[in-house]
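This report refers to the structure that appears directly beneath it.
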Amino acid sequence: MRRRAYAAILFLGIVSLLGDFVYEGGRAVVPGYLPALGASAFILGLVGGLGEAVSHVSRLATGYLADRTRLYWPFTIAGYSMIAAIPLLALAESWEAAALLILLERFGKALRTPARDAILSFISRG
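With our numbering, letter number 121 in the sequence shown gets 1037, and the count goes up by one each step, no holes.
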C-alpha cells in the first residue's frame, strides 16, 4: 500500500511539473503575443489580472464541488487537460480568442488544484 501511495505522489508531481513547463512557457510569450494580435497594454494587463482572479476565486467553488461529489480524480484530470489551451494559442487568430484560451487554462488551474491537494492529503494519511 505504501508503495502505491509513493507512486501516486510521484505521478502527480511529474504531471504537475510537466504542466508547469507548458504553462510557464506560454506565460513567457503572452506579453509579446497578445499585442501582436492587436491587444493594447490595457487588454494585456486585464487578461493577466482576470486570469489570476479566475484561478483563485474559482477554487472556492471547484474545491467545494470536488469535496461534495468526491470526484477528485475527474476534477484533477479535467483541470490538467485544460493546459492544452496553452499550445492552442498558436492557432488563435485574434487577441480575443487568445484571451479566452488563457482564461480557460486558468480555470483549469482552479479545477485541478483543490482536487489534487485533496488527493495528496488522502494519500499521505495512508
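Every residue, glycine too, gets a C-beta built ideally from N, C-alpha and C.
{"Asked": "Coil, strand or helix - residue 960 by DSSP", "Found": "helix"}
{"Asked": "Residue of 971, 945 and 919 minimising C-alpha distance to residue 1029", "Found": "971"}
{"Asked": "Residue 1037, DSSP secondary structure in three states", "Found": "helix"}
{"Asked": "Distance CB(residue 1027)-CB(residue 994) smaller than 8 angstroms", "Found": "yes"}
{"Asked": "Close beta carbons around residue 988, own chain, < 6 angstroms, minus the five adjacent residues each side", "Found": "982, 1031, 1034 and 1035"}
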